[in-house]
Amino acid sequence: MFENLHEQPADKILQLMQAFREDPRKDKIDLGVGVYRNAEGVTPVMRAVKAAERKWWEEETTKVYTALAGEPAFCDAMIGLVLGDAVERDAVAAAAAPGGTGAVRQGFELMRMANPKARVFVSSPTWPNHLSMLDHLGIEAVPYRYFDADTCAVDFAGMLEDLETVHAGDVVLLHGCCHNPTGANLNLTQFKAVIELLNAKRATPMIDIAYQGFGDGLTADALATRAVAAGCPETLIAASCSKNFGIYRERTGILMAVSHDIGRRAVVQGNLAHLNRQNFSFPPDHGARMVTLVLSDPELRADWEAELEEVREGMIALREQLAAELQRLTGSDRFGFVAEHRGMFSRLGLAPEVVETLRVDHGIYMLGDSRINIAGLNSQTVPVLAQAIVSAGG
Ligand code: LMR
């Protein structure tokens with residue numbers, strides 16, 4: 006049987022992670038995978054999460070199964086965090102999933118169950134795993150213009166033009182904030198224009214929100230998702246807790262299906278639970294439990310929000326430093342967009358040969374499309390990167 010298997014294409018992000026690990030150079034710099042690192046290069050367990058774990062260690066009395074859709078308290082807490090009071094609670098069906106990726110995957114499967122003909126419109130570029138999951142599921146992915154390679158900003162006119170071709174029943178995948186891989190984001194006015202267009206076309210938005218709190222703040226980063234959920238009849242939302250709670254390996258995420266036709270909620274909820282049962286049965290609990298504890302305890306929550314804000318401000322400071330350093334070295338504003346982008350990533354617009362030279366000659370690892378993880382830098386390595394970009398002919 007196994008002789009029928011063929012090799013799978015390597016995941017570029019994970020491949021780069023491996024190459025970095027194997028590089029013996031001491032001064033190498035990892036700007037690859039989207040993992041937050043502090044100035045010491047450490048991905049810490051957040052203070053509030055650690056405190057919640059201590060508390061839970063004392064309080065936990067059983068490890069018996071939870072509910073198929075995850076603990077209702079987790080779903081309520083996350084619906085509150087992402088959607089605030091933008092929609093009625095009764096409009097939301099939700100299920101915990103193994104990480105944001107698991108939630109995206111369940112979302113794709115739910116839409117395919119509801120409409121096997123649905124195509125998914127994806128930004129060009131998007132997170133590579135969106136494309137490979139769609140391919141794996143046999144769902145047609147249709148790219149829409151998103152990133153203007155000349156300005157390194159959003160090509161909004163191109164995006165709207167391409168979205169004009171969506172059909173009723175198609176799904177349009179949007180990044181709620183902190184676009185991965187570009188760092189270039191729509192503003193709220195632009196999101197509102199997208200909402201109008203999708204409603205006119207009777208297409209369904211699906212939002213992937215993995216970096217809430219890393220861009221302009223916890224509430225500001227949720228505003229677009231809230232506007233879409235409030236403004237469209239139906240919305241799918243996949244939210245990750247990996248990054249903003251720093252619990253990557255705990256695999257904690259949630260899929261929400263919002264419908265303003267409240268009578269549909271029970272059936273949608275049943276389908277979400279069914280999908281969990283078919284794919285992995287009960288979702289992981291530990292990370293979800295920590296998130297629930299942090300969000301529901303005012304002291305833990307305040308400390309978590311404060312630490313997340315430090316993380317966010319740190320990334321903005323690094324962006325400003327890098328843009329200023331490149332301005333100083335090149336004498337031009339060509340890289341000014343780095344300070345305007347938001348979230349963990351920026352696509353620098355460097356040629357593949359430059360990216361290669363940076364890796365081979367300077368030990369600086371970034372994705373082949375020149376996406377960098379801003380949080381892989383610190384104030385000492387920013388000038389090193391800027392100088393290397395200039396030396397490599399970027
Ligand atoms: C990334 O884009 O680097 C992260 O979302 C991690 C991953 O799984 O790809």
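Sequential numbering from 6 applies to the sequence shown in this note's numbering.
From the three backbone atoms N, C-alpha and C, an ideal C-beta is built for every residue, glycine too.
The alpha carbon of residue 210 has as its nearest neighbour, out of 133, 126, 271 and 276, the alpha carbon of 126. Shown here, residue 276 sits in a helix according to DSSP, grouped into three states. Below 8 Å, enough C-beta pairs join the region 220 to 240 and the region 176 to 193 to call them touching: three or more. With respect to residue 36, residue 381 sits close: the two C-beta atoms are nearer than 8 Å. Going by DSSP, residue 134 is part of no beta strand (DSSP E) but of the alpha helix (DSSP H) stretching over 133 to 142. A straight line joining the alpha-carbon of residue 136 with that of residue 100 spans about 23 Å. Around the beta carbon of residue 387, 16 or more other beta carbons lie within 10 angstroms, which makes this residue buried. Relative to the Cα of residue 366, the nearest Cα in the group 24, 396, 27 and 281 belongs to 396.
Inter-segment contact for the region 275 to 287 and the region 43 to 59 is absent: fewer than three beta-carbon pairs are separated by less than 8 Å. In the DSSP assignment, residue 263 forms a beta bridge with 97 and 240.
With respect to the 8 Å criterion, residue 245 and residue 105 are classified as neighbours on the basis of their beta carbons. Every unbroken stretch of the alpha helix (DSSP H) spanning 4 or more residues and falling wholly within the region 150 to 219 is given here in chain order: 161 to 168 and 193 to 206. Taking the C-beta atoms as reference points, residue 74 is found no nearer than 8 Å to residue 301. A contact is defined here as three or more CB-CB pairs under 8 Å, and the region 208 to 223 meets this definition with respect to the region 164 to 177. Straight through space, the alpha carbons of residue 307 and residue 316 are spaced by roughly 14 Å. Apart from sequence neighbours up to five positions away, the residues of its chain that approach residue 42 with a beta-carbon distance below 7 Å are 48, 380 and 381, ordered along the chain. In this model, residue 113 and residue 391 are separated by some 40 Å (Cα to Cα). Take the alpha-carbon of residue 124 and the one of residue 147: they are about 7 Å apart. Three or more Cβ pairs closer than 8 Å define a contact, and the region 186 to 202 meets that threshold against the region 336 to 351.
The C-alpha of residue 370 is placed about 13 Å away from the C-alpha of residue 355.
Ranked by Cα distance from residue 107, the first of 224, 376, 214 and 271 is 214. Spanning the alpha carbons of residue 297 and residue 78 requires a straight line of approximately 7 Å.
By the criterion of a C-beta distance shorter than 8 Å, residue 193 is surrounded in its chain by 228, 229 and 232, once the five residues flanking it on both sides are discounted.
Where residue 376 is concerned, there is no enclosing alpha helix (DSSP H), although the beta strand (DSSP E) around it starts and stops at 376 to 378.
Burial state of residue 70 is exposed, judged by a 10 Å Cβ sphere holding fewer than 16 other Cβ atoms. The beta carbon of residue 111 sits closer than 8 Å to the beta carbons of 100, 102, 243, 260, 277, 280, 281 and 284 from its chain, once the five residues preceding and following it are set aside; these are given in chain order. Distance from the Cα of residue 358 is smallest, within the candidate group 398, 218 and 293, for 398. Residue pairing by DSSP leaves residue 270 without any beta bridge partner. No Cβ-Cβ contact shorter than 8 Å links residue 21 with residue 241. About 22 Å separates the beta carbons of residue 139 and residue 159, which is beyond the 8 Å limit, so they are not a contact pair. Look at residue 148 here: in three-state DSSP terms it is strand.
Residue 92 and residue 272 have their C-alpha atoms spaced approximately 18 Å apart. Residue range 291 to 301 is occupied by the alpha helix (DSSP H) that includes residue 299.
Along the length of the region 315 to 363, whole beta strand (DSSP E) runs at least 3 residues long occupy 350 to 352, reported in chain order.
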